[in-house]
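One structure below.
In the numbering used here, the protein residues as written are 1 to 112.
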């Protein structure tokens, strides 16, 4: 019982700190892509670049990470999006920015 209480207390302290340490990539993406905060894409938040709510990047997230590294930028900006706009990260036959403007996920090949 004491171990369980310690574990719960520890998680209660660690998880909020870990979440606060993450950059607001979703908000940066919405601003840089000039999409509505009420759009399906904006509401998908982390899943724009990640596989669900996991740290694993989807193909679009991998391309965005590479673009950010190439530009030496640590947040999503219009320049980062421009660098990968004409790519088809998920290989579904539709370019990233076309999918974004259609309110579709650029990292999920099942969504065109």
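Just so you know, even glycine gets a beta-carbon here, dropped at the ideal spot from N, CA and C.
Identify the continuous alpha helix (DSSP H) that holds residue i and give its terminal residues.
i	result
residue 30	25 to 33
residue 82	78 to 84
residue 62	59 to 71
residue 40	40 to 43
Considering only C-alpha positions, which residue in the set the options is nearest to residue i?
i	options	result
residue 57	75, 107, 96	107
residue 46	34, 30, 36	30
residue 105	43, 28, 77, 72	43
Mind checking residue i: buried by the 16 CB within 10 Å criterion, or exposed?
i	result
residue 93	exposed
residue 61	buried
residue 24	exposed
residue 52	exposed
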